[in-house]
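Structure first, commentary second.
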Amino acid sequence: MLVANELADHRLQWHGDRIDKRMCKISTASLSLYSLRYGAEVGIFPDLYDDFSLVHFSLSGEIEVEADRHRSHVPFGRALVSTPRENINLRWSQGSEQLILRVPHDLLEAAARDIGDPDRYKAVAQMPGLVMSEQASHLWQAQLRAFAALEAGGQRSSAFGPWFSHVERGMALFLLLQSTQTVDMADLDRPANWQRRDKSVARRLDRLRAYADANLQRPVTLGDLASVAALSERQLNAFCHAEMGQAPMTWLRGVRLDAIRMSLIANPDLDLSDIAMLHGFFHLGRFSAYYRERFGELPSQTRKIARNG
């Protein structure tokens, strides 16, 4: 119900039994960014979007989008701009997690007028699905990180308002510029055994995530993760770089930092030293640096914002 209220009314069709649904949201005056996962493989059949486009970025796993008889495959680390006019359905792989930016069309239209090229707005608003190039997707990910960090700062000071407007307009302009890009679809084609491979990858990602979540406060080695994934340590390293864009222990650190942040938001009276050490961070200076790199703020700032509502 919450997802329907925020994005679009939709029907879900579950294809797996491990449901691990979560949604987080941050917003500015014009944009809303959602982190969304279902856990299980799922089919999503939403209503048409009402005067907005959605930009998906695959944090893990992948999705397929079929809109207006146009099918797009969005693998890990790639972004898709979607504006269906007739119909749309999506299929998320097991373990998929997406960053979804909701972009209102009036913002895109205003950005197009700013550059004196209104046709660019029309091109985006009439495009059922556009998979960004690998380079553009990396740039988009960097903008999402900056947006999230800026939103955290904006909660502390109203002086961020003008900068928010600048960033919003800049992100809209970036999307407009994608309307003329061409993507080599061969780069996105699945191999003949894609379904078997995808299920194998999804199972490994699912096992890794379940193990990490179950052992947030216990020592975990690279060998432990390799054993869970049924890979050698070298194979696990290659697997994580290919599917998650980072080394396995770096990924695990991020999972633990996410858990700490959620705990601080839920209970801001927690002692920072205690919760850091419980999650395996014994050097508090490095912990603070890792936390700020991931969230754009110090853990003490997260706690202060949570206390002040």
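Each residue of the sequence shown is one higher than the one before, starting from -2 at the first, in the numbering used here. C-beta: ideal position from N, C-alpha, C; glycine also.
| Query | Result |
| --- | --- |
| Hey, A226 and R206: beta-carbon distance below 8 Å or not? | no |
| How close, in whole Å, do the beta carbons of E94 and G58 come, if the pair is a contact with beta carbons under 8 Å? | 7 Å |
| In this structure, how does DSSP classify A37 when only helix, strand and coil are distinguished? | coil |
| Put E61 into one of helix, strand or coil per three-state DSSP. | strand |
| Taking 8 Å as the threshold (C-beta atoms), are S260 and L267 in contact? | yes |
| Helix, strand or coil for A143? Go by DSSP, reduced to three states. | helix |
| Which residue comes first and which comes last in the alpha helix (DSSP H) that contains I272? | L269 to L275 |
| In the DSSP output, which residue or residues are listed as bridge partners for N264? | N264 is not bridged to any residue. |
| Which term fits T247, buried or exposed, when burial requires 16 or more other beta carbons within 10 angstroms of its beta carbon? | exposed |
| Identify every residue that forms a DSSP beta bridge with F54. | A76 and L96 |
| Please state the DSSP three-state secondary structure of M168. | helix |
| Need the endpoints of the beta strand (DSSP E) that L87 sits in, please. | I85 to W89 |
| Starting from S229, trace the alpha helix (DSSP H) both ways and give me its first and last residue. | Element bounds for S229: n/a, residue is neither H nor E. |
| I60 and V71 look like a contact to me (Cβ under 8 Å); what is the Cβ gap, rounded to whole Å? | 5 Å |
| Could you check whether the Cβ of I272 sits closer than 8 Å to any Cβ belonging to chain B? | Any reference to chain B falls outside this structure, which holds one protein chain only. |
| Within its chain, find whatever has a CB closer than 8 Å to the CB of S270; leave out the 5 residues flanking it on each side and keep chain order. | L281 |
| Could you spell out where the alpha helix (DSSP H) holding V217 opens and where it closes? | That residue, V217, is in no alpha helix (DSSP H); it is neither H nor E in DSSP. |
| Is the beta carbon of F42 sitting closer than 8 Å to the one on R8? | yes |
| Distance, Cα to Cα, L30 vs L136? | 16 Å |
| I need the DSSP call for Q138, collapsed to helix, strand or coil. | helix |
| Compare the Cα-Cα distances from M274 to each of E240, L213 and N86 and report the closest residue. | L213 |
| Return yes when the Cβ of D17 is within less than 8 Å of the Cβ of G40, no when it is not. | no |
| When burial is assigned at 16 or more other CB atoms within 10 Å of the CB, is D203 buried or exposed? | buried |
| Check whether the region 109 to 118 touches the region 62 to 80, counting contact only when three or more Cβ pairs, one atom from each stretch, lie closer than 8 Å. | no |
| Could you give the distance in angstroms between the alpha-carbon of H102 and the alpha-carbon of R34? | 25 Å |
| According to DSSP, simplified to helix, strand and coil, what is R201? | helix |
| Considering only C-alpha positions, which residue in the set Q298, F292, F171 and S297 is nearest to R142? | F292 |
| Just verifying my parser: in three-state terms, what is the DSSP assignment at R291? | helix |
| Using the rule of at least 16 other Cβ atoms within 10 Å of the residue's Cβ for burial, across every protein chain shown, is E290 buried or exposed? | exposed |
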